[in-house]
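Asks:
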Amino acid sequence: MDFPYSVDFSTFAGSFFPLIKPLTTMDYNFPEIEKKWQQFWVDHKTYKTEIDPSRPKYYVLDMFPYPSGAGLHVGHPLGYIASDIYSRYKRLNGYNVLHPMGFDAYGLPAEQYAIQTGTHPAVTTEKNIARYREQMDQIGFSYDWDRQVRTCDPSYYHWTQWTFIQLFNHWYNRTTQKAEPVETLIKRFSEAGNKDVNAAVTPEWHKETARKDPSFTASPDGVFTAREWNGFSERTRREILMNYRLAYQSDAVVNWCGELGTVLANDEVANGFSVRGGHPVERKLMRQWFLRITAYAQRLLDGLEKVDFSESLKEMQRNWIGRSEGAEILFPIKDTSLTLNIFTTRPDTIFGATFMVLAPEHELVGRITSPDCKDAVETYLHEALNRSERERMAEVKKITGEFTGAYCLNPFNGTPIPIWVADYVLAGYGTGAIMAVPAHDSRDYDFARHFSLPIVEVVSGGDISRESYDAKEGVLVNSDFLNGLDVKEAIKAAIRRIDEAGIGKGTVNYRLRDAIFSRQRYWGEPFPVYYKEGIVYTLDEKELPLCLPEIDAYLPTETGEPPLARAKNWKTLEGYPLETNTMPGFAGSSGYYLRYMDPHNNHEYFSSEAVNYWQDVDLYIGGDEHATGHLIYSRFWNKFLYDTGLSVKDEPYKKLINQGKIQGRSSIVYRVKGTNTFVSKGLKEQYETLPMHVDVNMVSNDILDTEAFRKWRPDLAGAEFILEEGRYHCDYALEKMSKSLYNVVNPDQLIEKYGADTFRLYEMFLGPLEQSKPWDTNGIEGVFRFIRKFWRLFHDAENHFRVSDELPTTAELRSLHRTIKKVREDIERLSFNTAVSAFMICVNELSELKCNKRAILTDLVVLISPYAPHIAEELWSLLGHDSSINGATYPSFNPEYLKETTFGYPVSFNGKTRFKLELPLKMTPAEVETAALNADESQKWLEGKKPRKVIVVPGKIINIVR
RNA sequence: GCCCUGGUGGUGGAAUUGGUAGACACGCAGGACUUAAAAUCCUGUGACCAUUGCGGUCGUGCGGGUUCAAGUCCCGCCCGGGGUACCA
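Here the first sequence is numbered in the working numbering, starting from 2 and rising by one per residue.
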């Protein structure tokens, strides 16, 4: 999966890092300790995971990364560290934890790089993966690397292709709300035609099929009988079936990106530009592969009720699916036998419809336009249809349209209504036509005002002389049989009458579109598809995987075919041409969590034993930028596999956490204009200055290392500084982390200086996991101090390991058990920052108590091991254990040690705390009240008055009301 | 526009169900140790007033409200971040 950060290629080798100095005290020798234990874990396969029915399973998943050339910066590992802590915690609590990692290895950047340099994308990808792996290994993650998957490996995409074939061979039965094999559909067609088949099907499919296949003769609404079906040719049958398949081909208006040379899915386009690269995107009619994800729209929506995702993410998915309830209504067109079908969510406002609007693409436009309006309409259509999507978006406020000269009739009372054509109505939503109710829709209102069309109020409550009244509340007026009803009742009543009168029906519309599944690119999964006399067939499952062929250049052919058309012998064994499109990036990431369950299986996607044991993902951590892409596709993919009986859970991810983005924190210096002199932040007002970004690695606590600055660039060698109190204070700005702003901090340098354990703790200490925050290296010193202080609990002044076997004191036990309780609670609610501070408090207390008791420290080491695994292993071993701490048991807290006999009650007067009063906890509220009123201090605050009321909350507070 | 979030010291943040606002850490100031530096340790650190001592007032974006008690709940605003849009 791709990360949203735009960091350029930035191998830091040879860069200048003045802050990395050798540590003068090496009492806690982290470089050696961390290296040693990382090697130990590899040698002993400490994190290897197998199915073990004797233990409960727990599946912790990270969104696998797209390995970009820039490597990891400090933002990437945030979620990985959190999931690692949680995995380790679960293991120590007796769970068999599946915690895998892999790489989303197909994608555009490696291919763009190939086009520029000729380097094979596989080579770039391999190199980048090696770099990611090296960086991840330094952090000390507990992944079972034996289960690694890469989407570009034939052994992996074998099953991506296999799933595609299954999708191709299934249709969606709306009656059972399930995918079923195409064979059942063929059987029904041959026995009873398609009349009673309630399937998710391409709208208006029969028109396209009839156009392409003149021998196809269905009725105007696409119905055929069994007899007709049995008489169809093979070609016709397959053309028809195509419109029912869950993976299907269709001619459709798609997002075409000329720069990238490929079509893009809706979630890969934002505001008319490609998300990746920011290239312009146009609408273009092309034959493409699609996934019929719309069949699952309702289930994708309903499933959100069952999963533990953040409300904002669920809301994003709900908006993306965009369910709206309403009605389709048929309006007869005056003086013709035609009807106009419109979709509205407000059938109650039908008596306020003063004009109708068709999208410029609507098929009726050409048929109903009256002769005297023809020229004007054609001119308008010419303009509107040639406006690009981007122009349309840029000029949303521009109101355009044209009267067709035709009228339709209100189906209830026969009132003639003029029909207009305007591009504010979209061809792709609903029926591409609306009834315009200017009084109660702001867009219709603006249009009516612009063209001086009548505005009729039908819902009271607003002031339609000023603006439209869009709210769904109020009482209906001027509306025949709806008069006097409130809006919600009126909607129901209108739909009932529409159904009864046979002039339409109540319907549900979704904004969700089927996913465009083909790309005209090289670096992706080949489709297991070939063409025999122009008819589409899938390969036999035995022929998988269909490997990506080698080609001579990563560009389209001279004739504009996709790059795979360059491959030699891109044909089946029988000589039929293979599909030249490849699958999109989300193909490989849609079902990867299932493959981790059984990654080396050569016979099937995953065994039923594996899926029955591992079931689903218990905790999934990743960025919320995947809300409308991967997370929807993946849920769809799983639901399909669930329908076919492969996946055992309807929803793949039980709980999802979105870690916050880490923003950059740039350092800025001020140059006095026209000089080589730089003025400290506090004095800059006295000069005319220009700000300049400097490498954040030369700045510590906003103080510039002026020596390093002079060496940074030759032109700065002679730089002069105007200091404040002998120091140069930098300014800062919160921006995107980017090489050009010199604010990229990568984990390698921090780990080199402070060690992986400090790095892990600091990333967690930064703040709540889900919150976006700027990266600020200031403060890591505090965590580093803490970890050394922790080390010193076990060591004497000469750094000799020394623990005592004496029995711990009450104070020591209380400190430990308070920490156990707090840290357990914090991990359970993924509040890692507060757990780190609990460790700090405990170590501060134990240092104060000069505690080096084995009984205390042993538990503390296990407690901290998920956060700082290297130092924990080392101390665990020093404590005399000869196996990994990974096999230890997480300590439980004993409430006995936390029992207090007295409590320091805050005594407040009228809600303001004035003093504290130590009282036994077993006192009754009445006794507490008496004690509080009798306290010397109380006399002063009572000012001789009698208290009106005294509130005592035992163990919490005393409040005296004067 | 609509939807979702968030707003607490100089800074990152804590306060889990309404019950001692500012835990923990950074930074800063002062001190100890040291020839010096690093490291370590100690003290102070929300603002304002008072300061010889006691102390007092204000304070969680703004304005109201509920409550014995509000960062937390309710109403109305303001600002930041994210998503989304001629979706009828």
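Note that beta-carbon positions come from the ideal geometry of N, C-alpha and C, so glycine has one too.
All values derive from a computational prediction rather than experimental measurement.
Compare the C-alpha of Ile187 against each of Gly431, Tyr245, Pro221 and Arg368 and name the closest.
Replies: In the first sequence, residue 187 corresponds to position 186, counting from 1. Out of Gly431, Tyr245, Pro221 and Arg368, Tyr245 has the C-alpha closest to the C-alpha of Ile187.
Asks: In angstroms, rounded to a whole number, what distance separates the CA positions of Ile752 and His801?
Replies: As a first step, residue 752 must be located in the first sequence, where it is residue number 751. As a first step, residue 801 must be located in the first sequence, where it is residue number 800. Cα-Cα distance, rounded: 25 Å.
Asks: Shortest alpha-carbon distance to Lys854 belongs to which of Cys843, Lys58 and Leu794?
Replies: Here the question's residue 854 lines up with position 853 in the first sequence. The residue with the shortest Cα to Cα distance from Lys854 is Leu794.
Asks: On a CA-only basis, which of Glu919, Gly624 and Lys37 is nearest Phe310? Give me that one, please.
Replies: The residue labelled residue 310 in the question sits at position 309 within the first sequence. Cα-wise, what sits closest to Phe310 is Gly624.
Asks: Under a Cβ-count criterion, where at least 16 other Cβ atoms within 10 Å of its own Cβ denotes burial, should Glu764 be classed as buried or exposed?
Replies: Translated into positions along the first sequence, residue 764 becomes position 763. Burial call: buried.
Asks: Quick check on DSSP: helix, strand or coil for Asp424?
Replies: Sequence index remark: in the first sequence, residue 424 carries index 423 (1-based). Asp424: coil per DSSP, three-state reduction.
Asks: Evaluate Gln167 with the Cβ neighbour count: other Cβ atoms within 10 Å of its Cβ, from every protein chain shown; 16 or more gives buried, anything less gives exposed.
Replies: Within the first sequence, the letter at position 166 stands for residue 167. Gln167 is buried by the Cβ-count criterion.
Asks: Among Thr925, Lys957, Tyr249 and Lys917, which residue has its Cα nearest to the Cα of Val202?
Replies: Here residue 202 corresponds to residue number 201 of the first sequence, with the count starting at 1. Of the listed residues, the one whose Cα sits closest to Val202 is Tyr249.
Asks: Going by beta carbon distance, what residues of the same chain come within less than 8 Å of Gln990, once the five residues before and after it are set aside?
Replies: There is simply no residue 990 to check, as the chain begins at 2 and stops at 963 in what is shown.
Asks: Where does the unbroken beta strand (DSSP E) through Thr125 begin, and where does it stop?
Replies: Residue numbering aside, residue 125 sits at position 124 when the first sequence is read from its first letter. Not the beta strand (DSSP E): Thr125 falls in the alpha helix (DSSP H), residues Pro122 to Ile140.
Asks: Nearest to Leu513 by CA position, among Lys569, Asn320 and Cys852, is which residue?
Replies: Indexing the first sequence from 1 puts residue 513 at position 512. Comparing Cα-Cα distances from Leu513 to each of Lys569, Asn320 and Cys852, the minimum goes to Asn320.
Asks: Going by C-alpha to C-alpha distance, which of Asn911, Val953 and Asp937 sits closest to Glu928?
Replies: In the first sequence, counting from the first residue as 1, residue 928 sits at position 927. Taking only the C-alpha atoms, the option nearest Glu928 is Val953.
Asks: Is the distance from the Cβ of Tyr531 to the Cβ of Leu579 below 7 Å?
Replies: Here residue 531 refers to the residue found at position 530 when the first sequence is read from its first residue. Here residue 579 refers to the residue found at position 578 when the first sequence is read from its first residue. The answer is yes: Cβ separation under 7 Å.
Asks: Just curious, the beta strand (DSSP E) that Gln250 is in, first and last residue?
Replies: To locate residue 250, count along the first sequence from 1; it is residue 249. Residues Ala248 to Cys258.
Asks: In the DSSP assignment, find the beta strand (DSSP E) that holds Leu565 and state where it starts and stops.
Replies: Against the first sequence, residue 565 aligns to sequence position 564. From DSSP, Leu565 is part of no beta strand (DSSP E); its letter is neither H nor E.
Asks: By alpha-carbon positions, which one of Val438, Lys656 and Asn342 ends up nearest to Thr508?
Replies: The residue given as residue 508 occupies position 507 in the first sequence. Measuring from the Cα of Thr508, the nearest candidate turns out to be Asn342.
Asks: Taking a contact to mean a Cβ-Cβ separation below 7 Å, would you say Ala516 touches Ala360 in this structure?
Replies: As a working note, residue 516 is residue 515 in the first sequence. As a working note, residue 360 is residue 359 in the first sequence. No, the Cβ-Cβ distance between Ala516 and Ala360 is not below 7 Å.
Asks: Is it right to say Arg963 is buried, meaning 16 or more other beta carbons lie within 10 angstroms of its own, or is it exposed?
Replies: In the first sequence, the residue the question calls residue 963 occupies position 962. By the 10 Å Cβ count, Arg963 comes out exposed.
Asks: With DSSP collapsed to three states, give me the class of His441.
Replies: Taking the first residue of the first sequence as 1, we reach residue 441 at position 440. Residue state, collapsed to three classes: helix.
Asks: Whether or not the stretch 804-822 and the stretch 777-785 are in contact is what I'm after, with contact meaning three or more pairs of Cβ atoms, one per stretch, closer than 8 Å; do they touch?
Replies: The stretch 777-785 vs the stretch 804-822: no contact.
Asks: Give me, in chain order, the residues of the same chain whose beta-carbon lies closer than 7 Å to that of Asp500; leave out the 5 immediate sequence neighbours on both sides.
Replies: Against the first sequence, residue 500 aligns to sequence position 499. The answer, listed in chain order, is Lys506 and Gly507.
Asks: Under 7 Å Cβ to Cβ from Asn911, same chain only, skipping five residues before and after it: list those, please.
Replies: Residue mapping note: residue 911 aligns to position 910 of the first sequence, counting from 1. Answer for Asn911: Val962 and Arg963, listed in chain order.
Asks: The alpha helix (DSSP H) spanning Val61 covers which residue range?
Replies: As a first step, residue 61 must be located in the first sequence, where it is residue number 60. No alpha helix (DSSP H) holds Val61; the beta strand (DSSP E) holding it covers Lys58 to Asp63.
Asks: Specify the secondary structure class of Leu331 as computed by DSSP and reduced to three states.
Replies: The residue given as residue 331 occupies position 330 in the first sequence. In the structure shown, Leu331 sits in a strand (DSSP, three-state: E or B).
Asks: Taking the C-alpha atoms as reference points, what is the distance between Asp424 and Ala385?
Replies: Here residue 424 corresponds to residue number 423 of the first sequence, with the count starting at 1. Here residue 385 corresponds to residue number 384 of the first sequence, with the count starting at 1. Looking at the two C-alpha atoms, the distance is approximately 7 Å.
Asks: In this structure, does DSSP put Phe795 in helix, strand or coil?
Replies: The sequence position of residue 795 within the first sequence is 794, counting from 1. Coil.
Asks: Could you check what DSSP says for Ile148 in three-state terms: helix, strand or coil?
Replies: If you number the first sequence from 1, residue 148 lands on position 147. As written in the sequence, residue 148 is Arg, which differs from the Ile given in the question. It is helical.
Asks: Would you kindly check if the distance between the Cβ of Asn510 and the Cβ of Phe291 is under 7 Å?
Replies: Taking the first sequence and counting its residues from 1, one reaches residue 291 at position 290. Taking the first sequence and counting its residues from 1, one reaches residue 510 at position 509. No, the pair does not count as a contact, with Cβ atoms beyond the cut-off.
Asks: CB-CB under 7 Å to Glu406, same chain, minus the five flanking residues each way: which ones, in chain order?
Replies: The residue labelled residue 406 in the question sits at position 405 within the first sequence. Strictly speaking, residue 406 in this sequence is Gly, with Glu absent from that position. So the list reads Thr370, Ser371, Asp373 and Cys374, once near-sequence residues are dropped.
Asks: Pick helix, strand or coil for Tyr906, following the three-state DSSP scheme.
Replies: In the first sequence, residue 906 corresponds to position 905, counting from 1. Tyr906: strand per DSSP, three-state reduction.
Asks: Quick one, which of Ser313, Pro419 and Gly431 has its alpha-carbon nearest His363's?
Replies: Locating residue 363 in the first sequence gives position 362, counting from the first residue. Minimum Cα distance to His363 is reached at Gly431.
Asks: Check whether the stretch 831-847 touches the stretch 912-926, taking contact to mean three or more Cβ pairs, one atom from each stretch, closer than 8 Å.
Replies: The stretch 831-847 vs the stretch 912-926: no contact.
Asks: Assuming Thr560 and Tyr523 form a contact by the criterion Cβ under 8 Å, report the distance between their Cβ atoms to the nearest whole angstrom.
Replies: By one-based count along the first sequence, residue 560 stands at place 559. By one-based count along the first sequence, residue 523 stands at place 522. The Cβ separation is near 16 Å, so there is no contact.
Asks: Let me check understanding here. Comparing Cα to Cα, which of Thr558, Lys543, Ile828 and Arg134 lies closest to Trp146?
Replies: Translated into positions along the first sequence, residue 146 becomes position 145. Checked all of Thr558, Lys543, Ile828 and Arg134; the closest Cα to Trp146 is Arg134.
Asks: What span of residues does the beta strand (DSSP E) with Gly881 cover, start to end?
Replies: Reading the first sequence from its first residue, position 880 is the one you call residue 881. Unbroken run through Gly881: none, as it is neither H nor E.
Asks: List the whole-angstrom C-beta distance separating Leu99 from Thr50, where the pair is believed to meet the contact cut-off of C-beta under 8 Å.
Replies: Taking the first residue of the first sequence as 1, we reach residue 99 at position 98. Taking the first residue of the first sequence as 1, we reach residue 50 at position 49. So it is a contact: roughly 6 Å between Cβ atoms.
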